[in-house]
Structure formats: C-alpha cells, structure tokens
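Protein sequence lines correspond, in order, to chains A and B.
Numbers in this note's numbering are just positions in the first sequence, counted from 1, shifted up by 700.
Numbers in this note's numbering are just positions in the second sequence, counted from 1, shifted up by 700.
Worksheet for the structure shown next.
2 protein chains.
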Amino acid sequence: MITERILKSELAAKVITPAQAAAFFKDKMVVASSGFTKAGDSKAVLTALAERAKLDPLKVTLITGASLGHGTDGILADAHAISLRLPFQVDTIMRRAINSGEVLFIDQHLGETANLLKANNFPKIDIAILEAICIEQDGSIVPTTSVGNSASFAALADKIIIEINTEIPFSLKGVHDIFSPGDYPDRREIPIVNAASRIGQGTIPLDTDKIIGIVFTNIKDSPADIAPQDEVTAVIARHIVDFFTTEVEKGNLTNSLLPLQAGIGKVANAVLRGFLESDFEGLTMYSEVLQDSTFDLLDSGKMTFASGSSITVSSDYYEHIFNDFSIYKDKIVLRPQDISNAAEVIRRLGVIAINTALECDIYGNVNSTHIAGTNMMNGIGGSGDFARNSYLSIFVTQSVAKNETISRIVPMVSHVDHTEHDVDIIVTEHGLADLRGLAPRQRAEVIIEHCAHPDYKAELKSYFDRACARGGHTPHLLEEAFSWYTSLRQHGTMKPVSAEKVEFRA
Amino acid sequence: MITERILKSELAAKVITPAQAAAFFKDKMVVASSGFTKAGDSKAVLTALAERAKLDPLKVTLITGASLGHGTDGILADAHAISLRLPFQVDTIMRRAINSGEVLFIDQHLGETANLLKANNFPKIDIAILEAICIEQDGSIVPTTSVGNSASFAALADKIIIEINTEIPFSLKGVHDIFSPGDYPDRREIPIVNAASRIGQGTIPLDTDKIIGIVFTNIKDSPADIAPQDEVTAVIARHIVDFFTTEVEKGNLTNSLLPLQAGIGKVANAVLRGFLESDFEGLTMYSEVLQDSTFDLLDSGKMTFASGSSITVSSDYYEHIFNDFSIYKDKIVLRPQDISNAAEVIRRLGVIAINTALECDIYGNVNSTHIAGTNMMNGIGGSGDFARNSYLSIFVTQSVAKNETISRIVPMVSHVDHTEHDVDIIVTEHGLADLRGLAPRQRAEVIIEHCAHPDYKAELKSYFDRACARGGHTPHLLEEAFSWYTSLRQHGTMKPVSAEKVEFRA
Ligand SMILES: CC(C)(COP(=O)(O)OP(=O)(O)OC[C@H]1O[C@@H](n2cnc3c(N)ncnc32)[C@H](O)[C@@H]1OP(=O)(O)O)[C@@H](O)C(=O)NCCC(=O)NCCS
Ligand SMILES: CC(C)(COP(=O)(O)OP(=O)(O)OC[C@H]1O[C@@H](n2cnc3c(N)ncnc32)[C@H](O)[C@@H]1OP(=O)(O)O)[C@@H](O)C(=O)NCCC(=O)NCCS
C-alpha cells in the first residue's frame, strides 16, 4: 500500500502515526489544513491534535479551505485547542465558542484567503496538513475530493504533514487543475474562458524537504446532510426556473443560460434540482461545491460540465459517484478556491449566482452570516465572491423562520454582507423580486409585494411609507429600524404584540 | 475648423446647433452622456436639453460615466428634466431632488454600469451624447479628458450626438486606450499586467450612421475644487506614509509599493501629496481620476506612470498640463471605466486603494454614501470596485464632522457600502488602525483606540464593553446601535446630553 501511494520511495521513511504527527504542534502555531465544505479535510491529524490538547493544553490558529467534516471543528473547540479560526466553519460547537468570544474567528471571502496569506496579512503558516490520494514520483501530491487552499498552503507553509487517504480511489486522479496566478507584482491572467477550461497541472507541487510526516487514513468524507425537498423550496425553485424561461424568451439568455453557481443549504440544492424539470440544455456550472444536484444534472444530460473546488455529496451519491468515477472524469474539474472563486473568472464567464440569505431588507441588502446582527452562523463563504462579480446575483430565502416568529424580510438587515449593489433578484416562496434597474424606493415596493410573508406585509409597508414621508434616497427611521429584533427578544416574535400583552410582560 | 475636426468629410453635413440637438429628445427617453468626475462631459447639448424642458416639459433617464461639471446636473434637476439618474453625481441641487424622491437614482459601482447595460438590465439607450476632440477618417472618435462609459454608450446607443470641443488640444490624441472585453458568453481576458500596459486602440469606434448631429463647443471642463491642505489632512497623510515606510522596512513591499488608487475628496488628494515628501520611488497609479496631486507626483519624478479614466484638475493645473501635454503623453493613459475599475485588473496588479469614508463603525464597516443612513451624498463611485479587489484597502476620514457634533467613528454605521471584509486599514487624524488579520472584537479595540475622537472614545468603549457582555461574534446592542443618530436629530449633537437638558427639550 505504501509503495502504491508513495511513488517517491525515499519518502516512505516519513510514515508516522497520527499521534506522532500531533506531537509536532506547539502552542501559538499557525496550522493550515486541507478541506472544503467537509470534503478532503484532515481526518486523522486534526483529531489527534484535539486528543493531545486535552492532556497537554495548547492553542493554535487554524486556517482551512472552508468547513471540516466529522465534527472536527467541534472536537477541537471542545478540547480548547483553537485560539483563532478562519475563514469558514459550519459547526454547532465551534459556533458557540466563536459567539462566546472564546475562539476568535475571521470570516473571509473564500476566494481571498490565499491572496491575504500571500500579502503577509497573517503570520506565517507553521504546519500544513494536506489530504492526498498519493505522492507522485516528483514529490507533488494528488489532492482528494477538494482542492480548497491546499496548493497555497503547500507553497507557504514551513512544514507539511500529508494524510494519504486510501479510501479515495485512484480514478479521481486527473480531475484536479492546479494553477497559481503568481505573486505580486508579477501576477498574470487566469486564462479560463469557460467552465471546462483546464489551465494548470493535475497535482500540487511541493518541496518534499518540508514534509515532516506522512499519515495513512481510510476514512470517508462526512456525507452532506441533504434535507428532503419540501413544498417551500420546490416553489422557490419554480420561481427561478420560470424567471429564466422568460429571460430566454426575451432573448437575454440562450437556452444553456450562463454558468451556474449555487450556494450551500437546502434551498440552493432544491433550486438546482428545479433545473432538472426545465427545458434548458447544455447547462454548465462554475461553482464552489459540487452537490448531489450537480450529479443529477450531469446524469440527466442537461448539464455538460461542472467546475468546483470540492465534491460534497450524501452517502448514496458518494457510492454512486466513486464506484465508477470514469463517467465523470471529463465532465468535472476541481480547482483551487482562489480560482473557483476568482472575481476575474466569475465576471468573465458571466456566472449566474444563487445563494441563500439569512435575511434581506426592503432595499435589497442581504445578511448571510449574523443572527440578529450579532451571532455568527457559518460565514460569508463564497457568496460575496459570486454575488459581486456575477452576471446575475440571486438570493433565495424562505420568507420566515422559527415558526413564523421571524420575518426574513425586514426593514433593515441587522448585518450587511451583500449591499443592494450586489443583489439583483430576491426569491422567497411567495415570489420573485426582480430588482434590476430599480432605485431603492422602487426596490422596496417590489420586495415587500413579491417576497414578504403575508403576516409581515402590512408592517413592512407601514415602515416604508412612514420612512418615505420623512424623505431620503433610502428612507429609513433609524430609531425604529431594528425594533423587530427588540420585539423578538422581548416577546419571542417579530409580529406586533397587542398593547395589552406588552404591558403584561413589562 | 470643421474640416480639421471632422476628418470623415461627409459627416460635416451633420453639424447642427445645440438647440437643434435638444429637439431630438423625447419624453421617457434613455439618454447617455460622456463625462467622468466633471471631465469630458456634454457641455452644450445637456444644457440645451434643460432649456428646452423648461418650455416643453419632458423627463429622461440620464446615464453618465460619473459626475458632470458646470452644474449641469443641477440645471437639469431644476428644469425637472430627469426622472432617473445613474450611476453617480455630486451636485447639490440634484442631490436634493434625489433625496426628496423627485429624481430616482441608481447608485452603482462605476466599474459595473457598462456590464449591466450589456446584460440588458436597463432599457436600451436612445441617444448618447459624446464629447470628442475630433472624428477620424474611419468615423471613430477621439474622446477628450475622460473616457468613462463612452465606448460602451457608442456601441449600445440607437443614435449618437457628437460634441466636438475645440478647446481640447489635439496633443491629447494618443492618451486613450480603448478596449472592450467583449460580450457574454465570449468575453476574454483584459490583458493589462501593469499600470502602463496599453491593450486597445486610441479611438472609440462607432457606426457613423447612428450620428444624428454634431455640435461644436469651446468650453473648458469645470475645474476641480481643491480644498487647501490643512493640518488634519496633512496628519492623515503622514500616518499613511509612515505605515508604508514600515511595510517596506518589513519587506512586505518594495520602495515603489504597488499601483496606487486614490478616491475623490480633499483627504484623498492630501494623502497623495504626502507621497511627495516620502522616500518612495518609481510609484505608479492605477486609479479612476487623475488629480492635481497625480501631476505633482509625475513632475517630481516620484511617479513614473498613471492610469485613470479622467483628468480632473484645478484651473492652474489645467493650464500647466494642457499647455504642453507632450510631457505627459508617455506617462498617462485614459481607459474606459469598466477597465480602470475592473476587478480582474485591480486584483492582478495588487492596487493599494485609498478612499474616503463618511463614517466607519467599530468593526470596520464603512458608509461612503448615506448621511444618517438615509440621504444620498454622491454615490459609491469606484470605491467598492477598488476596496474589494485591492491588495490593501485603506479608508481615510476625519474623526468628526460639523463642529465635532458628529463622530465619524460610530457603534454601527447607518448604511453599509463596504463590509468589514473589504476594509484593511482605517485612518483618521488621531491614528491608523491596522485591521489585517484581526477578528471583529480585536478590530473594535484597535479602531476605538487609534481612530476615534477623544470626545467620543469613552462612549464607544462603553457601547463595545456592554455589547461584549451580551456576547456574539460581532457584539451589538441593536436597541442602542443607532441611538447616536437619534441624539443628533433631537439635540443637535451625538455627544451625550446631560439628563437635565434632555428633560428640558422633551
Ligand atoms: C444563510 C445560510 C445559513 C442559510 O442556510 P440554510 O440551511 O439554507 O437556511 P435555513 O433556512 O435552513 O436556516 C438555517 C437556520 O437558521 C435559522 N434562521 C434562518 N433565518 C434566520 C433569521 N433571520 N434569524 C434567526 N434565525 C434564522 C433557521 O431557523 C434555521 O435554524 P433551525 O434549523 O434551527 O430552524 C447558509 O446558506 C450560509 O451559511 N450562507 C453563507 C455562506 C454562503 O452563502 N455560501 C455560498 C457559497 S458556498
Ligand atoms: C465620502 C465623501 C463624501 C467624502 O468627501 P470629502 O469631501 O472628503 O469629505 P468631507 O469630510 O469634506 O465631508 C463632506 C461633507 O459631508 C459632511 N459629513 C461628513 N461626514 C458626515 C457624517 N458622518 N454625517 C453627516 N455629515 C457628514 C461634512 O461635514 C462635509 O459637509 P460640509 O462641507 O457641509 O461640512 C466622498 O469621498 C465620496 O463621495 N466618496 C464616495 C465615492 C468614492 O469614494 N469614490 C472613490 C473613487 S472616485
């Protein structure tokens, strides 16, 4: 097995156990790990690091591509092993540690982390842990189910630990396309001209002298949690398909649209499924995460090519895809996240971006990250990279949350991740607001009319009318703009509570 | 004169008066005009249109590159000739009409207007008015002191009126570099690899059959209002020069830094002047507007090349520069604004972006546009194009406004144009906050400590501490976050008013 997976034979001597690898870490180190939306993450070494931290306390900075699987973020947070985390996470325990202030978190555009590291905006990476299928004769590595920031980590880290995952079939080799735009001031173009462009090499080059250990694992990626499609998400998907059908009829787009990007979450997955029942053909994807729905579209023949930075699918799909990956070999490419999310490429290809909002306001500003303006959910992820630079930026959201006590269309969002400039279309189960070419006051009317839940429409309209009476380009009543959150805190609902009830509570 | 300026001789028959040109416009038309930060704008036809509107009411949509000179926006607003305005303006009268709701305004990233027009996000342009030095034999035109969106307008408009400005010397010919990345889905790379790259042609191609009139003018551009440098702006400039000196010492940057961008406003101009007294050499600029300070830097030899979309200078500089433009011919290039502000190029070159904020909050979110979250000032301009994609994004602002009654560092900005992700450094006269690699709670400490005015520091600190006690990744007290604006409305100051005084007023 070792000789099969380590083709540069002198490196075989570096094979160690996860516990031995964990011993390399020291307090205050900056640690980088492969992993992007639960795919291709470190499965053995980070867990061993958490084990060690329980006995021998230490705290490190942890930088990844995006989220980790197997509850690793939670295990590390529970072991109090993390002082600073970036650029994204989706873990309940880690989230709690971040919101309590125990773990500092830097929420970053996923396309920018590599740039910021190269610009010396962070301390140097001490150790990078990179999951790989194998080490080639030239010492370069073949990544697994994600590329994420691994190529940048390999270039920038002082020392490297490789996790060879024997569970990942060799057939995945060739799906990766590793390219670096170079360093300032001599960066060059990223010559991608369509989703299928291959511009780099199949492996991540690295200086094997940096390798301090090689660990073997055989653990699959965590499966994606795919919520079953429900009526609400199906309706949202239909609104979007109808919208594109009309755009094609108008001659604004052809029947193969432009490359699609879809964010994480059940709504985004449902929306992509919606395209299965559409008349579109020859679709392509230029996205971050290739999900179950991507493979449905490829299988159906409706999609011809999908570019991403990771493959994150549910268990059934995992079996299906990796059983015979050769079917997908020429239909998929996995890229570094500074390429999959590059402003340059997203704008050039004219990507159609579909992301999920926690809440939107009446002027079309979007909050993707902060519950009630304060508590971090996951992070902005790639939503900003895509929303800003896309041909069309669509945000989807259910109109309410938590049993209708929360309206996800509010007078003013409690935190802004995407400004109105970067939001073209908002869709809820109640309808689609096409905001293109509209000024703020017009946007408000369309959003309230098409997207708000009926129980909140009158209050939104009242706020907007009273704000307009006071005036301004973007009319607001600042003293009242956040009163819905105060209501929620005090009365458990954003719905107007009758005067009597308020008195009683007070 | 006509034969000198109209080299395609059969077009000479199309020469008309401004009043005749004004007669072409009809109610509800979409009109586009050249002009970027007061340079190269329509001087005769738009004014004639305003005259006509007074007698024969009509309302049009007006799209430009950026702001117009000669009070034209105000003249048009006074004549009630505008229903919708985009993407930027700086006029007192127009601003009032926008904030009252009489004129609808779409505030846009200046790098995106051309993309949005090409993506059919707006109705078709009926008539474009383009200022030119001359019409070449092949029918293409040489723009004047700005390029702005003129090349896109020429391609997209149904009909075209040319304003030949005989005041602009022929020597400016050759300074323009017109390039289009093409149309979806076949857009290609913008092959600029440094500020001085020339990638296109010297003139704007157009279909001369679209020309419905040619008007002659001899009116200079409006001069830039340059506020005299004062102690406050000089101190801000010194903080920035000191910061870069340290970055060079650390080896993060070379002595020629990376290409500079500087926004509009007196602070930005003062900051560029600050580089005159620095030890940096071989500086370049990749910006939008070339201001007085750009020419000082070129004259001093400290700057070797400047790329922009317009030349907007004060009267003295105007004389100096255009008297013998040959000195600058190989040191300057003027580009279309979708190229000067292209995300692709800004990121590739690693531009250092310096823009002005109306206000910043303790977490580093920036408001560039909305006074008290409501009233439009000018527009986001190019600040978002640069802040998002730059190597370093710096925002400068005085710590207070209006006689210290307003703190420009606030608990939560009343409108977000640039999220914390896109803001690396904030500078006021009190100091520089280097936010790179910091999480929100750390950012707050540094911003309050280094940037806030002493009179507001204790209140900011109190807000932050109390918010932290409640918890969260980005601690806020939503019920109090905007109380400073309410104070300002009620008591004329953001400073805490003693209880007694409040009682008295209430
Ligand atoms: C925004 C985001 C959290 C939505 O995820 P989702 O799974 O589709 O959203 P849901 O509607 O199921 O909401 C998730 C949870 O937040 C709660 N929630 C949603 N909106 C809320 C609001 N405005 N206030 C409070 N809670 C809210 C929901 O009730 C739900 O909690 P529950 O499961 O306990 O009921 C997710 O898309 C995200 O993290 N986006 C940012 C990153 C990104 O966009 N990446 C895209 C490129 S990868
Ligand atoms: C933000 C911007 C308006 C600042 O301009 P400036 O001239 O440097 O700013 P000043 O500090 O002189 O402030 C301008 C006015 O706003 C007022 N002001 C500033 N901050 C304020 C605040 N927070 N609340 C209320 N008024 C404020 C000032 O008092 C001043 O008014 P006055 O002249 O009547 O006293 C200007 O830079 C801008 O429009 N930026 C957005 C576009 C942009 O950044 N383009 C960059 C690429 S071109």
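We put the CB at the ideal spot given by N, CA and C, even for glycine.
When the distance is taken between beta carbons, is A/GLU1044 closer than 7 Å to A/ILE878?
-> As a position in the first sequence, residue 878 of chain A is number 178, starting the count at 1. As a position in the first sequence, residue 1044 of chain A is number 344, starting the count at 1. No, the Cβ-Cβ distance between A/ILE878 and A/GLU1044 is not below 7 Å.
Of the residues B/ILE825, B/GLY839, B/LYS824, B/PRO843, the one placed nearest B/ILE833, counting alpha carbons only | On the second sequence, residue 833 of chain B is found 133 positions in, with the first residue counted as 1. The shortest Cα separation from B/ILE833 among B/ILE825, B/GLY839, B/LYS824, B/PRO843 belongs to B/PRO843.
Sequence-distant residues of the same chain with beta carbon closer than 6 Å to B/HIS939, five excluded per side = Along the second sequence, read from residue 1 onward, the residue named residue 939 of chain B stands at position 239. Within the same chain, B/HIS939 has close Cβ partners VAL1127, LEU1132.
Does DSSP put A/LYS726 in a helix, in a strand, or in coil?
-> Locating residue 726 of chain A in the first sequence gives position 26, counting from the first residue. Coil, per DSSP.
Can you list, in chain order, the residues of its chain whose CB lies under 8 Å from that of A/LYS920, leaving out five sequence neighbours each side?
-> The count along the first sequence starts at 1 and reaches residue 920 of chain A at position 220. So the list reads GLU867, TYR1018, once near-sequence residues are dropped.
Spell out the partners DSSP gives A/CYS834 in its beta bridges.
-> Residue numbering aside, residue 834 of chain A sits at position 134 when the first sequence is read from its first letter. Bridge pairing for A/CYS834: A/VAL842 [DSSP].
Could you give the distance in angstroms between the alpha-carbon of B/LEU998 and the alpha-carbon of B/GLN1142?
-> Translated into positions along the second sequence, residue 998 of chain B becomes position 298. Translated into positions along the second sequence, residue 1142 of chain B becomes position 442. When rounded, the distance between both Cα atoms is 39 Å.
A/HIS1173 at chain B interface by Cβ criterion, 7 Å = On the first sequence, position 473 is the one that residue 1173 of chain A refers to. Chain B, which has a Cβ nearer than 7 Å to the Cβ of A/HIS1173, makes this yes.
Chain A residues whose Cβ lies nearer than 8 Å to that of B/ASN1089 = As a first step, residue 1089 of chain B must be located in the second sequence, where it is residue number 389. The answer, in chain order, is ALA1043.
Put A/VAL989 into one of helix, strand or coil per three-state DSSP.
-> The residue given as residue 989 of chain A occupies position 289 in the first sequence. Reduced to three states, the DSSP call for A/VAL989 is strand.
For A/ASN821, which residues in chain B fall below 7 Å Cβ to Cβ?
-> As a first step, residue 821 of chain A must be located in the first sequence, where it is residue number 121. In chain order: ARG1136, GLY1137.
In terms of residue numbering, what span does the alpha helix (DSSP H) encompassing B/LEU758 cover?
-> Along the second sequence, one-based indexing puts residue 758 of chain B at 58. Looking at the DSSP string, B/LEU758 is not in any alpha helix (DSSP H), and its letter there is neither H nor E.
Nearest-angstrom Cα distance between B/THR747 and B/ASP773?
-> The count along the second sequence starts at 1 and reaches residue 747 of chain B at position 47. The count along the second sequence starts at 1 and reaches residue 773 of chain B at position 73. Roughly 9 Å separates the two Cα atoms.
Inter-stretch contact at 8 Å, needing at least 3 Cβ pairs: the segment 892-910 of chain B / the segment 981-995 of chain B = yes
Reducing DSSP to helix, strand and coil, say where B/VAL1202 ends up.
-> Working through the second sequence from its first residue, we reach residue 1202 of chain B at position 502. Confidence at B/VAL1202 is low in this model, with a pLDDT of 45, below 50, so the placement of that residue is unreliable and no value is reported for it.
Can you name the residues that DSSP bridges to A/ASP1134?
-> Mapped onto the first sequence, residue 1134 of chain A falls at position 434. Note: A/ASP1134 sits in a beta bridge opposite A/ILE1125.
Own chain partners of A/VAL1113 with C-beta closer than 6 Å, once the 5 adjacent residues on each side are dropped | Taking the first residue of the first sequence as position 1, residue 1113 of chain A is located at position 413. Cβ neighbours of A/VAL1113 beyond the five flanking positions: GLU1059, ASP1061, ASN1065, ASN1067.
Should B/LYS1201 be labelled buried (16 or more other beta-carbon atoms within 10 Å of its own) or exposed?
-> If you number the second sequence from 1, residue 1201 of chain B lands on position 501. Any reading at B/LYS1201 needs caution, since the residue's pLDDT is 49, under 50, leaving its predicted position unreliable; the model's value is listed next. Exposed: under 16 other Cβ atoms inside 10 Å.
Could you tell me how far apart the beta carbons of B/PRO718 and B/ALA744 are, in whole angstroms, since I believe they sit closer than 8 Å?
-> For the purposes of this step, residue 718 of chain B is identified with residue 18 of the second sequence, where counting begins at 1. For the purposes of this step, residue 744 of chain B is identified with residue 44 of the second sequence, where counting begins at 1. Rounded, the Cβ-Cβ distance is 4 Å, consistent with contact.
Kindly list, in the order they appear in chain A, the residues whose Cβ is closer than 9 Å to that of B/TYR1185.
-> If you number the second sequence from 1, residue 1185 of chain B lands on position 485. The contacting residues are LEU1178, GLU1179.
Who are B/CYS1060's beta bridge partners in DSSP?
-> The residue given as residue 1060 of chain B occupies position 360 in the second sequence. B/VAL1066, B/ILE1109.
Just by C-beta distance, which residues in the segment 1046-1069 of chain A are closer than 9 Å to chain B?
-> ILE1046, ARG1047, ARG1048, LEU1049, GLY1050, ASN1065, THR1069
Closer than 8 Å by beta-carbon distance: list the chain A residues that pair up with B/LEU784, in chain order.
-> The residue you call residue 784 of chain B lines up with position 84 of the second sequence. By Cβ distance, chain A contributes ALA1139.
Where do the ends of the beta strand (DSSP E) carrying B/MET1003 lie?
-> For the purposes of this step, residue 1003 of chain B is taken as residue 303 along the second sequence, with counting starting at 1. If you look at B/MET1003, you'll find it in the beta strand (DSSP E) that goes 1003-1008.
What residues in the segment 1143-1164 of chain B bring their beta carbon closer than 8 Å to a beta carbon of chain A?
-> none
Flag A/MET1077 as yes if its beta-carbon sits less than 7 Å from any beta-carbon of chain B, otherwise no.
-> Your numbering for residue 1077 of chain A matches position 377 in the first sequence. No, A/MET1077 does not count as interfacial toward chain B.
Indicate the three-state DSSP secondary structure (helix, strand or coil) for A/LEU776 in the structure shown.
-> Position 76 of the first sequence holds residue 776 of chain A. Residue state, collapsed to three classes: helix.
Comparing the C-beta of B/ALA1206 with each C-beta of chain A, is any distance below 7 Å?
-> Taking the second sequence and counting its residues from 1, one reaches residue 1206 of chain B at position 506. With a pLDDT of 35 at B/ALA1206, under the threshold of 50, the predicted position of this residue should be treated as unreliable, and no value is reported.
In its own chain, which residues sit with a C-beta less than 6 Å from the C-beta of A/VAL715, not counting the 5 before and 5 after it?
-> Position 15 of the first sequence, counted from the start, is the residue given in the question as residue 715 of chain A. Same-chain partners within the cutoff: ILE914.
Distance, Cα to Cα, A/THR1191 vs B/ASN1055?
-> For the purposes of this step, residue 1191 of chain A is taken as the residue at position 491 of the first sequence. For the purposes of this step, residue 1055 of chain B is taken as the residue at position 355 of the second sequence. It should be pointed out that residue 1191 of chain A corresponds to His in this sequence rather than to Thr. Distance between the alpha carbons of A/HIS1191 and B/ASN1055 is about 43 Å.
For A/VAL1100, name the three-state secondary structure that DSSP assigns.
-> Along the first sequence, one-based indexing puts residue 1100 of chain A at 400. Strand, per DSSP.
Rounded to a whole number of angstroms, what is the C-alpha to C-alpha distance between B/TYR701 and A/GLU947?
-> On the second sequence, position 1 is the one that residue 701 of chain B refers to. On the first sequence, position 247 is the one that residue 947 of chain A refers to. Reading the sequence as shown, one finds Met at residue 701 of chain B and not Tyr. B/MET701 and A/GLU947: Cα-Cα distance of roughly 49 Å.
Give a yes or no on whether the C-beta atoms belonging to A/LEU762 and A/GLY735 are separated by under 7 Å.
-> To locate residue 762 of chain A, count along the first sequence from 1; it is residue 62. To locate residue 735 of chain A, count along the first sequence from 1; it is residue 35. In this structure, A/GLY735 does not lie closer than 7 Å to A/LEU762 by Cβ.
B/SER1040 versus B/SER1007 - alpha carbon distance | Here residue 1040 of chain B refers to the residue found at position 340 when the second sequence is read from its first residue. Here residue 1007 of chain B refers to the residue found at position 307 when the second sequence is read from its first residue. If you take the alpha carbons of B/SER1040 and B/SER1007, they lie about 7 Å apart.
Compare the C-beta of A/ARG752 against all C-beta atoms of chain B and say whether one is closer than 7 Å.
-> By one-based count along the first sequence, residue 752 of chain A stands at place 52. It does not; no Cβ of chain B falls within 7 Å.
Within 7 Å, strictly: CB atoms of A/PHE853 and A/ALA732 | Translated into the one-based positions of the first sequence, residue 853 of chain A becomes position 153. Translated into the one-based positions of the first sequence, residue 732 of chain A becomes position 32. Yes, they are a contact pair.
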